[in-house]
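A.B. asks: Structure in structure tokens, see below.
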Amino acid sequence: MGKNTLKEGMGNILKEGTRNISKESTGNISLGRRVRPFVKPYRISLITMLFCELIMVLVDLIGPLIFAVMIDEVFYHRNLHFFGYVILTYIALYLGVRALSWIIKSIWIYLNVKFLFDIRRKLFDRILHFKASNYEKAKTGDLITRLTSDAESIMQWIEVMIFEMAAPLTKLLISYVFLFYLNPYIALAMMVLVPVSVWVSQYFNRKMTRQQTVLRGKYGHFVSWMLEMLQGMRDIRLLGSGKRASLLFAGQSADVIRLDNRTEVMKWMSTRSNAFIFLLSDLCIYAVAGVLIVQGQLTAGIFVAIMSYLSKNNQSMMMIYEAVVNLPKLTVQSHKVFDLLEEEVERTDGHPELDLQHGEISFAQVRFRYENGPRVLDGLDLHVGARESVALVGKSGSGKTTLVNMLLGFYTPEEGEIRIGGRPIGQYTLTCLRKRVGIVQQESILFNESIRYNLLLGSAHADDEQLWEACDQAYIGDFIRSLPEGLDTQLGAGGMELSGGQKQRLSIARIFLKQPCLIIFDEATSALDYEAEQAIQQSWQHLSRDRASIIIAHRLSSILNADRIAVLHEGRIVAEGTHGYLLENSEHYRELFVEDFIRKEGMMS
């Protein structure tokens, strides 16, 4: 009865300590709940691996008992026949352990690859469907960190919980059962300092969790800052700000290093404190064992087995403490990944069977403001016919870009209604909407892949004939034919570098392939020379002949061919008409013409 009480007390101490440590580690239990749905598809593999690990633990703990019996039987009772059985048993156990180890390693490699792939795919899909407001808040460096190192941290957390927490803790509990069976006094001596050790681990774990949270935020900011610096390196050099940028880099990195050093010092202090506790525990055990041997209550075989269990327990405790030290960092990073997975995404409603047949657009009393910002659109009314071309002009901040973002479904109006193709925009799925709306921007996004790859983003099933036709319509076909590898020419790093105008024309070729119902030209010709601009103006007229089109430009030549010009001012359409009409009747348009168009075009007469 006494032994059972001691066993229960020991188990409660260890369980309570582990539970408290978990709570302090920013929610290892809650993290386990978040991880569970992702590991559920692999539960059979996990159960198999855990079963093999349990068998290995039992085999490892049976070894000292066999060795103790061998010493007492062979050396004291001269039972050499028994010695042969022991040798055969050890060989069988060794082979079994090797086989189990191979199974565990194989399963773990499989899980590591598959799980990381699943997590990263879900992360990438979530980022792809972020709400536009989330994109504005998110930092590129932070997103990259979550997709790479933070995603790996989840698998590392699982590894630590299984192999450095659960397995050693199981081994520790079972070994105490064996120790109580061999000698309860020594088992009690081993347990004396366990509560102290648990308290020390809690204390340092709490501090390291707070430190890791601060460090993770600082590191994400640092990576984002470095990306911004690298992207703007040319401008930094042109401004002669290299020295200042270097000083800023030193300051940013010093903050990260300082926080990291503090964390490492805490880790070292935690490890050293527990090592000292182990030393005290060992001294207690040696003292008790010495007394029992002198009194004849402990045989040589049992003493050797107890020393072996002492060594194994110390190893298990060290693994647990090291896991406790490492868990705060992994837990914080892992929670960051799941926080991202729980971010709001774009709407998924709409009728999948509906298709956008024509690009007629109407804005009716549309009002909108960005989060905690002033009203950007304030009662906007605009109509674009199914075959009409409308140019939008206005000062910076007048709402032109917001209007385009609403047509693409990135934002929803607070008030009013947007209709496209004769239906409320919300009735279409975002996939349908974006497939049927083509947009050409000043900053053309091209990937470091082949020209063919970049073109096929417009239409994945286009054949070579269609690709060449689109390139010819965008007036870049002759240039591509002059390249040795033609459509298979690699772009970007290690490949062909295109000029700004060539990039834009390639982007326009993608729109030709897409064959949208509505075309949006967002400063579409600002990177082109005069001849290329005139040629593409003709191709645009051909492309938009039977389609609705919106032109947003800062060049007079970009809007002269529009059927109608709409002037935006403080979120409203304040004037509409032709260029000549607006020059005579709209003060806002005349201001734009004088301050912006004349300055940019050099048309002083």
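Going letter by letter, the sequence shown gives residues 5 to 609 in the numbering used here. Think of the CB as a built atom: it goes at the ideal place given N, C-alpha and C, for glycine as much as any other residue.
So the candidates are A304, I577, V571; which of them puts its Cα closest to the Cα of H583?
C.D. replies: It is V571.
A.B. asks: Taking the alpha helix (DSSP H) that D64 falls in, what are its first and last residues?
C.D. replies: Note, D64: alpha helix (DSSP H), 47-74.
A.B. asks: Taking C-beta to C-beta, are V1 and L381 nearer than 9 Å?
C.D. replies: Outside the displayed span of the chain (5 to 609) sits residue 1, for which this structure offers no information.
A.B. asks: Classify Q519 as helix, strand or coil using the three-state DSSP reduction.
C.D. replies: Reduced to three states, the DSSP call for Q519 is coil.
A.B. asks: Leaving out five residues before and five after K333 in sequence, what residues of the same chain have Cβ atoms less than 7 Å from its Cβ?
C.D. replies: For K333, where only same-chain residues beyond five positions count, the Cβ hits under 7 Å are Q216.
A.B. asks: At the level of alpha carbons, what is the spacing between P520 and E268?
C.D. replies: Their Cα atoms are separated by approximately 57 Å.
A.B. asks: Grab me the residues of D76's own chain with a C-beta within less than 6 Å of its C-beta, minus the 5 sequence neighbours each way, in chain order.
C.D. replies: Closer than 6 Å at the Cβ level, and outside the excluded window around D76, lie T303, G305.
A.B. asks: Of the choices I512, E453, E591, whose alpha-carbon is the least far from that of E473?
C.D. replies: Nearest option by C-alpha distance: I512.
A.B. asks: Can you name, in chain order, every residue of its own chain whose Cβ lies under 7 Å from the Cβ of G383, other than the five neighbours on each side?
C.D. replies: Here the set comprises Q369, R371, R576.
A.B. asks: Quick check: the Cα distance between L176 and I113, rounded to an integer number of angstroms?
C.D. replies: Distance between the alpha carbons of L176 and I113 is about 26 Å.
A.B. asks: With distances taken Cα to Cα, identify the nearest neighbour of V117 among A258, V43, Y313, T335.
C.D. replies: The option with the nearest alpha carbon to V117 is V43.
A.B. asks: Let's see if you can read the secondary structure: which residues bound the alpha helix (DSSP H) around G363?
C.D. replies: Per DSSP, G363 belongs to no alpha helix (DSSP H) and is neither H nor E.
A.B. asks: Assess contact between the segment 504-511 and the segment 476-486, defined as three or more Cβ pairs (one per stretch) separated by less than 8 Å. Is contact present?
C.D. replies: The segment 504-511 is in contact with the segment 476-486.
A.B. asks: Report buried or exposed for L628, applying the criterion of at least 16 other Cβ atoms within 10 angstroms of its Cβ.
C.D. replies: No answer is possible for residue 628: the residues shown for the chain start at 5 and end at 609.
A.B. asks: Taking DSSP as the reference, what is the three-state secondary structure of G581?
C.D. replies: Here G581 sits in strand by DSSP.
A.B. asks: Using CA coordinates, which residue listed in H355, K399, F121 is at the minimum distance from V159?
C.D. replies: Before going further, note that residue 159 is Met rather than Val in the sequence given. Ranking H355, K399, F121 by Cα distance to M159 puts F121 first.
A.B. asks: Check whether the segment 320-336 touches the segment 182-189, taking contact to mean three or more Cβ pairs, one atom from each stretch, closer than 8 Å.
C.D. replies: No: the two stretches stay apart, fewer than three of their Cβ pairs being nearer than 8 Å.
A.B. asks: What are the residues that DSSP puts in a beta bridge with D382?
C.D. replies: D382 is bridged to R371.
A.B. asks: For G236, collect the residues of the same chain with a Cβ closer than 7 Å to its Cβ; drop the 5 residues on either side in sequence, then sort them by chain order.
C.D. replies: Cβ within range, chain order: n/a, list empty.
A.B. asks: Determine the burial state of H355: buried for a count of at least 16 other Cβ atoms within 10 Å of its Cβ, exposed for fewer.
C.D. replies: H355 is exposed by the Cβ-count criterion.
A.B. asks: So, for I131: in the same chain, excluding its five sequence neighbours on each side, which residues have a beta-carbon less than 7 Å away from its beta-carbon?
C.D. replies: Hits under 7 Å: L147.
A.B. asks: Could you check where the beta strand (DSSP E) with I422 kicks off and where it finishes?
C.D. replies: Looking at the DSSP string, the run of the beta strand (DSSP E) that includes I422 is 419-424.
A.B. asks: Could you spell out the range, first to last residue, of the alpha helix (DSSP H) harbouring R440?
C.D. replies: 434-440 is the span of the alpha helix (DSSP H), which, as asked, contains R440.
A.B. asks: So L517 packs on L491, CB below 8 Å; how close in whole Å?
C.D. replies: About 13 Å; that fails the 8 Å criterion.
A.B. asks: Can you tell which of L495, G426, A142, G403 has its C-alpha closest to the C-alpha of A390?
C.D. replies: Checking every option, the nearest Cα to that of A390 belongs to G426.
A.B. asks: Just to confirm my understanding: we take N317, look at its own chain, exclude 5 residues before and 5 after, and list those with CB closer than 7 Å. What are they?
C.D. replies: The residues are L176, S179, M194.
A.B. asks: What does DSSP give as the partner residues of S454 in its beta bridges?
C.D. replies: DSSP output for S454 lists Q494 as bridge partner(s).
A.B. asks: Return the chain-ordered ranges of every beta strand (DSSP E) run that is complete within the segment 269-328 and spans a minimum of 3 residues.
C.D. replies: Complete beta strand (DSSP E) runs here, min 3: none at all.
A.B. asks: With distances taken from CA atoms, which of I240, D264, I563, D259 is nearest V397?
C.D. replies: The residue with the shortest Cα to Cα distance from V397 is I563.
A.B. asks: With V260 and F226 assumed to form a contact (beta carbons below 8 Å), what rounded beta-carbon distance in angstroms separates them?
C.D. replies: That pair is a contact at about 5 Å.
A.B. asks: How many angstroms separate the CA atom of F167 from the CA atom of I70?
C.D. replies: Cα to Cα, F167 sits roughly 25 Å from I70.
A.B. asks: Between the Cα of K143 and those of S228, I111, G420, spot the shortest distance and give me the residue it belongs to.
C.D. replies: Nearest C-alpha to K143: S228.
A.B. asks: Compute the Euclidean distance between the alpha carbons of S26 and I33, then round it to the nearest angstrom.
C.D. replies: Annotation note: pLDDT 40 at S26 (below 50); position unreliable, coordinate value reported separately. The alpha-carbon atoms of S26 and I33 are separated by roughly 7 Å.
A.B. asks: For the alpha helix (DSSP H) containing V43, list its first residue and its last residue.
C.D. replies: That run of the alpha helix (DSSP H) goes 32-43.
A.B. asks: Please list, in chain order, all residues of the same chain as S110 whose beta carbon is under 7 Å from its beta carbon, the five residues on each side excluded.
C.D. replies: Counting only Cβ-Cβ distances below 7 Å, and skipping sequence neighbours, we find nothing.
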